[in-house]
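The sequence shown begins at 234 in the working numbering and counts up one residue at a time. Think of the CB as a built atom: it goes at the ideal place given N, C-alpha and C, for glycine as much as any other residue.
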Amino acid sequence: MLALAATFLPVPETANARAIRGIITGVQNMLRRTPASAELLRANNVSRWVSRVSVCTAVMLAVGVNSMPTITSFFISRRSVFPRLPLPIWPPPCSPDSDWCEISLLVFECSLVTTISLVYACFTTIHVSLIVYLAELLRVPAVKLHSTLQAASELGTFDAHLDREINSTIAYHHDVIRLLDHYNECFAGTMFTRHLLTLLFISASALLFMTDPSNLQAFSIVVFTLVSMGLFAYLGEQVNVANDDMHTAVYTSGWENMPTHLRLKLCLILCRANRPIGVRGTFIGFVTFPSFLQLVRSSYTVLQFLFQMQF
């Protein structure tokens with residue numbers, strides 16, 4: 234929908250609009266200009282991509298649907314404990330003992346659960362789709378370049394075909410870097426929002442389990458959310474692993490024995506192959522194993538804060 238809006242609708246040239254157009258242009262360039270991108274569209278790659286996205290989206294949607302009723306009822310039942318907690322449309326304009334008040338609370342809770350769960354699932358679909366897509370984009374040229382350089386080193390022939398392959402890989406990797414930059418400019422805020430929602434799910438559910446140890450639903454929410462975030466971190470690490478594989482493929486190819494013009498181009502790949510790793514501090518930074526450990530520590534801090542407010 235964002236792609237269609239950025240392509241066909243006369244939206245103003247804001248930063249987000251330029252970023253969306255940059256994402257579309259980057260993908261079009263990779264699919265149209267790079268021969269290696271044809272391998273990305275094979276059935277096995279597409280099926281693996283769709284399966285990973287579907288599984289992660291289903292897991293995150295299940296987390297949101299199962300977590301929000303518990304969390305909402307927890308905060309509503311403890312309104313006296315959190316007197317300054319801002320809740321929209323609260324209290325309803327009626328007597329607390331009337332049937333209309335109960336209906337208003339039910340509608341409010343259902344609408345809140347539905348809205349946040351759908352937003353959470355949409356954010357997850359966008360993030361997982363692009364992360365898996367980027368991992369595949371980086372993996373394909375790394376494998377192809379490694380086989381090409383290895384064959385050229387064994388034969389000792391560095392012809393025009395190898396030169397074209399290196400030029401294609403440089404252009405391909407440059408497009409991936411631009412795609413990373415455009416995505417980070419446009420969707421880093423949604424990644425941060427999803428990260429905060431996950432933090433809320435874990436902290437509130439853990440506090441509910443501490444106050445009521447017999448509530449196994451809250452305990453299952455904590456475990457299920459941590460497992461899903463571990464899976465999400467694994468997918469995020471694949472972007473960095475694929476990028477490191479490209480760096481290793483060039484570094485171990487005997488590039489120092491190649492002609493000067495090829496050495497210069499391979500040095501350019503070695504320098505550029507380090508750049509996506511630097512993006513870990515932005516949107517990739519929310520889906521790596523170090524960030525997963527940081528999420529656990531942050532959840533514990535928020536849990537301590539909520540526990541002190543309650544007691």
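Closest option to Q471, judged by alpha-carbon separation, among Q383, D408, C355, V361: V361.
Taking E398 as the centre and dropping the five residues before and after it, the same chain places the C-beta of T381 closer than 6 Å to its C-beta, in chain order. In this structure, L440 places its C-beta atom within 8 Å of the C-beta atom of L539. Distance from the CA of L351 to the CA of R530, rounded to the nearest whole angstrom, comes to 27 Å. For the set S447, R496, I435, Q541, the Cα lying nearest the Cα of V456 is the one of I435. If you compare the alpha carbons of H428, A437, K377 with that of L536, the shortest gap goes to A437. For G487, the three-state secondary structure derived from DSSP is coil. With 16 or more other CB atoms across the displayed protein chains lying within 10 angstroms of its CB, H428 is buried. Taking C-beta atoms under 8 Å as the contact rule, S532 and L432 qualify, at a distance of about 6 Å.
Taking all protein chains in view, the Cβ of V460 is surrounded by fewer than 16 other Cβ atoms within 10 Å, so the residue is classified as exposed. Contact check for A475 against H379 fails: the beta carbons are separated by 8 Å or more. For T348, the number of other beta carbons within 10 angstroms of its own is below 16, and it is reported as exposed.
Note on geometry: alpha-carbon atoms of A466 and F525 lie some 7 Å from one another. In this structure, L464 and D396 do not form a Cβ contact; the two beta carbons are roughly 41 Å apart against a cut-off of 8 Å.
Buried is the label assigned to D408, since at least 16 other Cβ atoms lie within 10 Å of its Cβ. When rounded, the separation of the alpha-carbon atoms in C500 and Q383 is 16 Å.
Distance between M462 and L430, taken at the CA atoms: about 12 Å. S461 sits in a helix when the DSSP states are folded into three classes. Residue state for N476 is assigned as helix, using DSSP reduced to three classes. N400 and E489 have their C-alpha atoms spaced approximately 18 Å apart.
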